[in-house]
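Chemist:
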Amino acid sequence: MKRQSTMALAALLYSGAALAHPGHAEGALAGLLHPLTGLDHVLAMLAVGLWGAQLGGRAQWLLPAGFVACLAAGGALGMAGYSVPLVEAGIVTSVLLLGMLIGFAVRLPVGAALAVVGVFALFHGFAHGSEMPAHDNGWLYAAGFIAASAALHGAGLWLGRGALAHGRWLRGSGAAISLAGVWLAVAG
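In mature numbering (1 follows the signal peptide of the UniProt record, and there is no 0), the protein residues as written are -20 to -1, 1 to 168.
1) Between alanine 156 and leucine 16, what straight-line distance do the alpha-carbon atoms span, to the nearest angstrom?
2) Would you call the CB atoms of leucine 43 and glycine 79 closer than 9 Å?
3) Which of the three DSSP states is assigned to glycine 54 in this structure?
4) Which two residues bound the contiguous alpha helix (DSSP H) that contains threonine 73?
5) Rank Leu120, Ser129, Ile82 and His115 by C-alpha distance to the C-alpha of glycine 105 and give the top, closest one.
6) Going by beta carbon distance, what residues of the same chain come within less than 6 Å of serine 74, once the five residues before and after it are set aside?
7) Could you give the distance in angstroms between the alpha-carbon of residue 170 and the alpha-carbon of leucine 164?
8) Of the choices Leu30, His21, Leu12 and Leu19, whose alpha-carbon is the least far from that of alanine 135?
Below is the structure:
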């Protein structure tokens, strides 16, 4: 568990506050790097996996899968040039609320949990899609940010499963994620 915590901390330290991520590479690499360079994106996507592990059962795979599906839809809206209000507020709220759901060990029915993560995924996907580098291949870029998001969900699920065996660690990680959400809201 100590190694898992160290790896998670290293990932968080590597990430900076998001809000905009211009200047990446192109294609799939640009999409792959995009979610990894913003603390808000990293925390929210890890939190989806953590919450799925905490809920157990079908939620372990439905929450990440539902998030990825809605992330792709939001990405398509962003790439197509649609306007979505309060995107950054929705992203920061996702960090804060997902952390609280984990911290307070909230057990929603799977359908309600899917609705929560689905709405947040639309905001995250829209941000990724609307920040696609000019003249980039949308399919490759989307494949990259979807793969990175799924990997972060998997990491959260893996950490969450390990944390379940260690009592309060999982709930404490939710509290830490929420506090980071407060910091992102104030800093943003």
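Glycine included, every Cβ here is placed at the ideal spot set by N, Cα and C.
Modeler: Quick answer:
1) If you number the sequence shown from 1, residue 156 lands on position 176. If you number the sequence shown from 1, residue 16 lands on position 36. Computed Cα separation, rounded: 19 Å.
2) Here residue 43 corresponds to residue number 63 of the sequence shown, with the count starting at 1. Here residue 79 corresponds to residue number 99 of the sequence shown, with the count starting at 1. In this structure, glycine 79 does not lie closer than 9 Å to leucine 43 by Cβ.
3) The residue labelled residue 54 in the question sits at position 74 within the sequence shown. In this structure, glycine 54 counts as helix in the three-state DSSP scheme.
4) In the sequence shown, counting from the first residue as 1, residue 73 sits at position 93. Taken as a continuous stretch (DSSP letters only), the alpha helix (DSSP H) holding threonine 73 covers 67 to 83.
5) In the sequence shown, residue 105 corresponds to position 125, counting from 1. When each option's Cα is compared against that of glycine 105, the closest is Ser129.
6) The count along the sequence shown starts at 1 and reaches residue 74 at position 94. Excluding residues within five positions, the ones whose Cβ falls inside 6 Å are Ala24 and Phe100.
7) Residue numbering for the chain in the displayed model covers -20 to 168; residue 170 lies beyond these limits and cannot be assessed.
8) Position 155 of the sequence shown, counting from 1, holds the residue named residue 135. When each option's Cα is compared against that of alanine 135, the closest is Leu30.
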